[in-house]
Every structure is written in structure tokens, then in C-alpha cells.
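The block underneath contains the structure these notes are about, expressed in C-alpha cells.
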Amino acid sequence: MEPILKVDDINVYYGSIHAIKGISFEVNQGEIVTLIGANGAGKSTTLNTISGLLHSKTGSISFMGEPLSKVPCHKVVSKGLALVPEGRRVFLQMTVQENLEMGAYTRSGKGVDEDLEKVYARFPRLKERFKQVAGTLSGGEQQMLAMGRALMSQPKLLMLDEPSMGLAPILVEQIFEIIQNLHKAGTTILLVEQNAQAALSVADRGYVLETGKIVTSGTGKELLASPAIKKAYLGG
Amino acid sequence: MTFLNFLISGISLGSIYAIIALGYTMVYGIAKMLNFAHGDVIMVGAYICFYAVSRFSLPPVVGVILAMLVCTVLGIVVERLAYKPLRQAPSLAVLITAIGVSYFLQNSALLLWSSNPKVFPAFFTTESVDAAGKTVTKNGIQLFDGRLNISYVTIVTIVVCIIIMVGLTLFTAHTKMGKAMRACSEDKGAAQLMGINVNGTISMTFAIGSGLAAIAGVLLCSAYPTLVPTTGSMPGIKAFTAAVFGGIGSIPGALLGGLMLGVIEIFAKAYISTQLSDAVVFAVLIVVLLVKPAGLLGKQVREKV
Ligand SMILES: Nc1ncnc2c1ncn2[C@@H]1O[C@H](COP(=O)(O)OP(=O)(O)OP(=O)(O)O)[C@@H](O)[C@H]1O
Ligand SMILES: [Mg+2]
């Protein structure tokens, strides 16, 4: 079967900094795939390029068989590709509900209200705070809002950039549970994590990024068991 | 009673500043730039209305609508040609460009319409026939045996300002487009991820601001009927000050800043000195900014990490 997302030999620059050096990978329908790597390896750059916030100089990205290189960033989400960006980036001065509405910006009709209820059912904390301005939420609540907001676009592929960043262990566990629930409900997931242990244990497959290149790949189990990975990313 | 007269003039002048300040504040909120050419859009609007009514004898309403259309298009075109190419440029470059656009508009007006002052027609008058059978033109109402004069322009200006403020507040709070504007003003990247067309939203903001500038131009010239190519520049600077005063980026701030500036200016003219009035206005501004650097209603939201 054709992969839902295919990244083929992309190169991304920040000015003269060559941040992504020809990486290729794919995500198949129904998988959880994770990209792991140290700080500055290029994980966020990769996700931002897929979502159209950044552009690759060469190479190609295709989503459900369609090339994305000519698609402007604001048209990507309606194709079924949503990104929960690093640092959440919720709209701090807007209410929880307005943030969720923005997630459904490209949609209209009755389905939106139904999905709003579904998001509230998944994140009851957000429902309790629906009128509250997002800037007053705790870090964990903001992460849930960012995820809920992305879900409002009914993504076929959900990309998450370090959803566990800065959260207490109990919340990290909760976030990973949510990721697995979303996956069970049929969403394909591309997950970027510093927390390699947690990411690899939920992932079907993983890629290891080092200074802009993919150095290893394999199933989650294989990578978890690999001595080199253990040494570099799992603390021995 | 003279105090009340001054207060009402102040509120009326302040309403005009507030309408202009909206253009600055909305554009700043979304494009994060100071559109110094905004004041000159007012002047263009006033000229369009002047020519439509005085030369082509069109009804004032048509003149105003025409002015709004021309200014809206002008705002969009200026943004596309002058500012959009500089989206990634340092803000100083954008600022200098805006000053350039301002002079460009003033000089174009000079070329098109010459420096001879035009007398803006009086729209807001009523005619009645008095006891002797003569036609009397009234431009306002007198209260308390003529001790309190309120001109129709004043009333119209204040009412229009209220309508615009309420309308714009509802627009940004409740419409999809309005919410998209707020999203863009906070985080353009995240807004794009939601599917919001950021360039389209910026265009829309310039369009709204410039359309309002046309209304402000007509109101301004109805109150102070001398129209020259530099007519917009001082009110533009004052309105910018008002926007900063109230908290740039904030719509209620523009209203509050505009009103305060108008009232302070008129009171300073009346009770201190006509020459010093602007100095007083700016002195108050400086004091306010020392105490509240973000302006009276400016928001400083802390980000959670
Ligand atoms: N805006 C930018 N301008 C210049 N260089 C940048 C910019 N953003 C990222 N880089 C550089 O690109 C490289 C990859 O950065 P990226 O943010 O993709 O890393 P990351 O793997 O997501 O790291 P982290 O785990 O810390 O989030 C780094 O060397 C970084 O310094
Ligand atoms: Mg990152």
C-alpha cells in the first residue's frame, strides 16, 4: 500500500545553515511513527517543513499521493494533515473554545459542533474551562488544548512535536495514553519526542535523527533493544 | 457651560482620532508594523468625497461611499506593493517604507489636486423658514438659551464613532474572520497551521482600516473644512499617539486613547494656550507611558512554558 506520508530526500536551510541534510522516510496508514534525536537534530524542522511552515530546497514530500511542495501552508490542514507545534502555540489571548474553533477554521457545518463535543469528552478539563482565556491554563492543559485544536481539523495524519515537553511524569503518561487512544480510533501519528523511551514503546516504527540526517531506523522494539540507541538516547 | 461646550468638542475631536487610531491599532496588531501612511489615506478620502460632492454634485452619501471604496482599494494596493514584499524585512525598513508611502501620497495629492486649499462642503445642516419667511440654515442645536451649542457634525461624529466601535468589537469577538484576525495577531505560524490565510487576513485589515480612514476624513473635514494635501498628517500623528496612549493593538484602547487625546487637546487649547496644546498632549502621553509602558489598556500576557 502507498504510504500516507512520503518524505523523499529533503534538504532544508535556515539561511546558510543546512539543517536537514537529505532525509527520507515514510509513514503508513494507521501507524505511529516516531522521530527521535538529540536537541538540534532537526526534528522540529522536519515537521515544520512537512506542514509548510518551512520549505525544502530540494526533494519532495507527498501526502496521500499528492505532492505538497506547491501547497501553501494554510491549505495543508484541509488536506488532512495537522501539526501540534513545539511549545504548543495555543492562542493565549483567546478562550479555550475559540482556540478549538480555530482548529476547525477550514471546516463548516454540523460536524464541527459534534467534534467539539468529542474533544470536550476526551479532555474534560477543557470543557470545564471553555470560557477561560488559554493564557491562564496550566502547561498540561495548554498541551491538551493544542492537541484538541489539531483534532478539530479531523486530521488523517496528526504530527506531534514534543507533546510531553515540560510536563510532570503523571501528565506525560496521560498524554501518551491519549496518543494511543487517538491511534486506536484510527488516526495515523507522527510523533517527535525527546522522551525516546516513551515514544519508542508506543511507536510501530522509529527513525533516529542526528544533525540533520537519519542514522538508524527500525521498529519501536528493535530500536528500544539496540545497544547504540540505549547508550545514546535511553540513558545507558 | 463653556466647560461643557469644550468637553463636547473634545469628545467629538477625540472620536475622529479614535476612528483613525483604529486603523493604526488593527494594522499594528496584525502586521506588527506602523503604517505611517495611514494619516494620508484620510486626506485621500476627504478629497474623493470633496470632488464627488462639490464637482460632480453627487449626494453626500454617495461621496462618502465612493471615498470608502477608493481608500479601501488604496489600502490594499499599498499593502501589496509596499509592505508585503518586506514581510521578512527588519521593522526599521518597513517603517522607512511607510514614511515613504506617506510622502508619496502627499505629493501625488499635490500633483493631482494642487496645494490650493479646498473648502469642504457642509453636509450636516438643516434648512427652515423663519417667521419673516426667510430661509435659515442651521448647523447645530442650541440648548440652554443658546449657551450650549452642539453642531450636527459633532453629534454625527460621536454617533458614527460609537457605531464603528460597537461594530468592530462584535466583528472581532464573534465572526470567523474577526477571530482569524485575532489568531493572526498572536501567532501567524500557528494561524497558518489552522488553515488561516495570513496574507488575506492582513489585506483585510488594511482594507478595514483604510475604509474607516475615509469616514474619519469626511468627519474631520466637516468639522475643520480646509482641505490641503497635508490635511491628514497631523491628525494621523495624533491618532497614532492615541493608539499608543490607549495601548496599541487594543480596540477599546484606541477609543479611550482617542477620546482622552481629543479632550486634553481641546482643554489645553482653551485653558492653557493654543500654541502649547500639542506640547501638553504629548507631555501627558509621556507621563502615561512612564507609568504604563503598554498604554492604558495594553495587554502584557506572560507566556507559560
Ligand atoms: N529559526 C532558525 N534559524 C536558524 N537556525 C535554526 C532555526 N531553527 C532551528 N535552527 C537550527 O536548525 C537545527 C535543527 O533545529 P530543530 O529545531 O529542528 O531541532 P530539534 O531536533 O527540533 O531540537 P529540539 O529537540 O531541541 O527541539 C539546529 O541546529 C538549530 O540551531
Ligand atoms: Mg524541536
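Which chain is which? The protein sequence lines are A and B, in order. With positions in the first sequence counted from 1, the corresponding number in this note's numbering is that position plus 1202. With positions in the second sequence counted from 1, the corresponding number in this note's numbering is that position plus 201. We put the beta carbon where it would ideally sit given N, CA and C, even for glycine.
Should residue i go down as buried or exposed, given a rule of 16 or more other Cβ atoms within 10 Å for buried?
i, result
"S258/B", "exposed"
"Y248/B", "buried"
"K1281/A", "buried"
"G1267/A", "exposed"
"F321/B", "buried"
"L1294/A", "buried"
"M378/B", "exposed"
"N1383/A", "exposed"
"I1372/A", "exposed"
"M435/B", "exposed"
"K470/B", "buried"
"T203/B", "exposed"
"E1430/A", "The question names Glu, but residue 1430/A is Ala in the sequence shown. So A1430/A counts as exposed."
"L282/B", "exposed"
"P494/B", "exposed"
"N1250/A", "buried"
"F237/B", "buried"
"H375/B", "exposed"
"V464/B", "buried"
"K1386/A", "exposed"
"E466/B", "buried"
"I1391/A", "buried"
"D1317/A", "buried"
"Q307/B", "buried"
"A480/B", "exposed"
"E1395/A", "buried"
"F251/B", "buried"
"Y472/B", "exposed"
"V367/B", "exposed"
"A1221/A", "buried"
"D1435/A", "In the sequence under discussion, the amino acid at residue 1435/A is Tyr, which differs from the Asp named in the question. Counting Cβ neighbours within 10 Å, Y1435/A comes out buried, since at least 16 surround it."
"G1305/A", "buried"
"Y1307/A", "buried"
"I1219/A", "exposed"
Might you give, ordered along the chain, the residues of its own chain that have their beta carbon closer than 6 Å to the beta carbon of residue i, omitting 5 neighbours on each side?
i, result
"S1310/A", "none"
"T1409/A", "The sequence shown places Tyr at residue 1409/A, rather than the Thr named in the question. These residues qualify, in order along the chain: F1227, L1237, I1416, S1419."
"F441/B", "Y225"
"Y218/B", "K439, A440, A443, G459, L462, G463"
"M269/B", "G412, A415"
"V1286/A", "A1348, M1349, A1352, L1362"
"C422/B", "A247, F321, L428"
Quick one: residues in its chain with C-beta nearer than 7 Å to the C-beta of residue i, no 5 flanking neighbours on either side, listed in chain order?
i, result
"T338/B", "T326, E328"
"P261/B", "V254, F324"
"N350/B", "N206, G341, Q343"
"G410/B", "L223, G224, M227, V228, H239, G276"
"E1204/A", "G1267"
"L457/B", "G447, L497, L498"
"Q1334/A", "T1297, V1298"
"V360/B", "none"
"I231/B", "M382, C385, S386, T402, I403, T406"
"I397/B", "A381, A384, C385"
"V502/B", "Any reading at V502/B needs caution, since the residue's pLDDT is 46, under 50, leaving its predicted position unreliable; the model's value is listed next. So the list is empty, once near-sequence residues are dropped."
Near residue i, what residues of its chain come up, given a Cβ to Cβ distance below 8 Å and the 5 sequence neighbours on each side ignored?
i, result
"Q393/B", "V399"
"E504/B", "A caution first: E504/B carries a pLDDT of 41, below 50, which makes its placement in the model too unreliable to give a value."
"S1264/A", "L1207, K1208, D1210, L1270"
"L1328/A", "V1298, L1302, V1321, Y1322, E1343, M1346, L1347, G1350"
"E1412/A", "G1239, A1240, A1243"
"D331/B", "V337"
Name, please, each residue of chain D whose Cβ falls closer than 9 Å to the Cβ of residue i.
i, result
"S1280/A", "Going by chain labels, chain D is absent from the structure shown, which instead holds the protein chains A and B."
Do the segment 365–385 of chain B and the segment 1293–1311 of chain A meet, that is, are 3 or more Cβ pairs less than 8 Å apart?
At 8 Å Cβ cutoff, the stretches touch.
Which residues have their C-beta within less than 7 Å of a heavy atom of ligand 2, listed in chain order?
Those residues whose C-beta sits under 7 Å from the nearest heavy atom of ligand 2 are, from N- to C-terminal order along the chain, K1245/A, S1246/A, E1288/A, D1363/A, E1364/A, V1394/A.
For a minimum of 4 consecutive residues, which ranges assigned as the alpha helix (DSSP H) are wholly contained in the segment 1350–1393 of chain A?
Runs of the alpha helix (DSSP H) spanning 4 or more residues and lying entirely within the segment 1350–1393 of chain A occur at 1371–1386, in chain order.
What are the complete beta strand (DSSP E) segments, minimum 3 residues, inside the segment 1266–1300 of chain A?
Taking 3 residues as the minimum length, the beta strand (DSSP E) runs contained wholly in the segment 1266–1300 of chain A are 1283–1286, in order along the chain.
Three or more beta-carbon pairs under 8 Å between the segment 414–432 of chain B and the segment 298–318 of chain B, yes or no?
Yes: the two stretches touch, three or more of their Cβ pairs being nearer than 8 Å.
Per the contact definition of three or more C-beta pairs closer than 8 Å, is the segment 1221–1240 of chain A in contact with the segment 1410–1420 of chain A?
As far as the Cβ criterion goes, the segment 1410–1420 of chain A touches the segment 1221–1240 of chain A, which means the pair count is three or higher.
Could you pull out every unbroken alpha helix (DSSP H) segment of at least 4 residues lying fully inside the segment 431–480 of chain B, listed in chain order?
Within the segment 431–480 of chain B, the complete alpha helix (DSSP H) runs of at least 4 residues are 434–447, 452–468.
Should the segment 1362–1378 of chain A be regarded as contacting the segment 1399–1411 of chain A, the criterion being three or more beta carbon pairs within less than 8 Å?
Yes: the two stretches touch, three or more of their Cβ pairs being nearer than 8 Å.
Is the segment 398–417 of chain B touching the segment 481–488 of chain B in the sense that three or more CB pairs, one from each, lie closer than 8 Å?
Taking 8 Å as the limit for Cβ pairs, the verdict is that the segment 398–417 of chain B does not touch the segment 481–488 of chain B.
Count the CB pairs spanning the segment 1313–1323 of chain A and the segment 1345–1357 of chain A that are closer than 8 Å, and state whether there are at least three.
The segment 1313–1323 of chain A vs the segment 1345–1357 of chain A: in contact.
Can you check the segment 350–427 of chain B for any beta strand (DSSP E) of at least 3 residues that lies completely inside it and give the ranges in chain order?
The qualifying runs do not exist here; there are none.
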